[in-house]
Each structure stands twice: as C-alpha cells, then as structure tokens.
Amino acid sequence: MTYPLVRRPGPSTVRLDLATFSRVAGIHPEMARRLAALGLLEPVRDSAGELWFARDQLLAVARIRRLRMSLGLNYSSLGLVVDLLDRVAELERQLRVTSSRRIGGTPWI
C-alpha cells in the first residue's frame, strides 16, 4: 500500500489565476480586481502578490451579475445585498434543521 506525500487538489481546492478566472467568468480582469477590493469576491494572494480564485467564486460572479442586472444595484450596495441574502439562506437552513428535529411533527407554539 502506498500513501501520497502531498494532497492532490480536489475540485474545491482548484484555483484559477486572474486571467483564467476573468475569461471563464466573462468579466474583465480589472472588474475581478474591483470586486475583490469591494469584498464581493474572496481571492487568495500568493507570495508574488498574484490573485488566485477558487472555482466557487465563479458562482459569486454570476450572482453579482444577476443582482446588478435585475435590480440595477451599484457595486457598493451589492455587498450589503449579498450579505443579507447569505444571512437569510443561513437562517432558512437553520430553520429546516430545527424543523426536521421536531418530534412527531408537532407545531411550534
């Protein structure tokens, strides 16, 4: 039996450089930098200062673009909206977990 000395990157650990990320996301690299500066994207910096993005950040860009187009929000207000949507999603998740733990499906009083 052999054991690997290093962990192979899985789908969640794959990182995209700025150029690749921007191309796949359909945005200009400067826009990716701007979204990162606003805290809407969470890239990591390597020792050379280059930005690297996790693949799940592509979903964040899609969400940002949908909100911007459908609600006409500016980039500064997007941070607040995204934060509130994340909080609502977390509260809904907690409610589902709590509801599934109720014994016999008795209603809350």
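Under the numbering used here, the first residue of the sequence shown carries the number 1, and numbering increases by one thereafter. Backbone N, C-alpha and C define an ideal beta-carbon position, used for all residues, glycine too.
- Kindly give me the distance between the Cβ atoms of Leu67 and Leu78, rounded to whole angstroms, as I take these residues to be in contact under 8 angstroms. Working through the sequence shown from its first residue, we reach residue 67 at position 67. Working through the sequence shown from its first residue, we reach residue 78 at position 78. About 6 angstroms; that satisfies the 8 angstroms criterion.
- Query: Is it right to say Leu71 is buried, meaning 16 or more other beta carbons lie within 10 angstroms of its own, or is it exposed?
  - Reply: For the purposes of this step, residue 71 is taken as the residue at position 71 of the sequence shown. Leu71 should be labelled exposed.
- Message: According to DSSP, is Arg15 part of a helix, a strand, or is it coil?
- Response: On the sequence shown, residue 15 is found 15 positions in, with the first residue counted as 1. Three-state result, Arg15: strand.
- Label Gln94 either buried or exposed according to how many other C-beta atoms from any shown protein chain fall within 10 Å of its C-beta, with 16 as the threshold for buried. Your numbering for residue 94 matches position 94 in the sequence shown. Burial call: exposed.
- Query: When the Cα atoms are used, what is the spatial distance from Ser22 to Gln57?
  - Reply: Residue 22 sits at position 22 when you count from the first residue of the sequence shown. Residue 57 sits at position 57 when you count from the first residue of the sequence shown. Going from the Cα of Ser22 to the Cα of Gln57 covers about 11 angstroms.
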